[in-house]
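First up is the structure itself, then whatever we jot down about it.
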Amino acid sequence: MQRKVLTLVVNAIVAALYVVLAVVPGAFSLASGAIQFRISEMLNHLVVFDRRYLWGVVLGVGLYNAIFSPMHWLDVLFGGAQSLIGLALVAWLAPHLPKLWQKMALNTVIMSLTMVLIAIEIAITGHLNAAAFGMTYLTLMASEVIIMILGAVVMAAIDRAVHFAKVMGQK
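Letter 85 of the sequence shown, counting from 1, is numbered 85 in the UniProt record's numbering, and no numbers are missing.
Set out below in structure tokens:
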């Protein structure tokens, strides 16, 4: 029971942190659209430390999109699905890799590839042709790769002090 409460509390904090980091002054204007530099996407790397962080990140994405995204419910659906699918794949595959950098590289690749769902959302709402869809997907992937690579460095450094796995009760 105590471990479940800890998991809920930590995930609530992660969700709140996701929203706060997504609306950091200066970054807010790049948090939605065909180019997305959401600083909060760095939190995706928490899942490589413990898969139970998945729920906090996905909830944070949903909350941010519901409150701040210009597409609201549609962004909750597509953004939430992108995060859930990508992070679930990472949670399933990462434990099979021996090194942290490999897990973070896997996370970076998967989260960048699943940006196709966001490109589909933008295509649906913007009535994009095939060429515009391809360019939108490319810019979304590139911006996610950049944030995730920077995030890997930041999260690995923070983990040395915080020990993300121990926060969730792992030994």
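Each residue gets a CB set at the ideal place from its N, CA and C atoms; glycine is no exception.
Check for me: the alpha helix (DSSP H) holding residue i runs from which residue to which?
i: H72; result: 72-93
i: F49; result: 46-49
i: R3; result: 2-22
i: Y53; result: Segment: none, Y53 is in no alpha helix (DSSP H) and carries neither H nor E.
In whole angstroms, give me the CA-to-CA distance for residue i and residue j.
i: V14; j: G56; result: 5 Å
i: L43; j: Y18; result: 7 Å
i: V145; j: A105; result: 10 Å
i: Y53; j: G86; result: 13 Å
i: M135; j: Q36; result: 14 Å
i: H96; j: V109; result: 16 Å
i: G60; j: R51; result: 15 Å
i: Y137; j: I118; result: 8 Å
i: G62; j: G80; result: 6 Å
i: S143; j: N107; result: 14 Å
i: V153; j: L74; result: 32 Å
i: A122; j: M115; result: Ala is not the amino acid found at residue 122; the sequence shown has Ile there. Rounded to whole angstroms, I122 to M115 spans 11 Å at the Cα level.
i: L150; j: M141; result: 14 Å
Could you have a look at residue i and say whether DSSP puts it in helix, strand or coil?
i: L97; result: coil
i: S40; result: helix
i: G169; result: coil
So within the segment 102-166, which uninterrupted alpha helix (DSSP H) runs reach at least 4 residues, ignoring any that extend past its ends? Counting whole runs of 4 or more residues, the segment 102-166 contains the alpha helix (DSSP H) stretches 116-126, 130-162.
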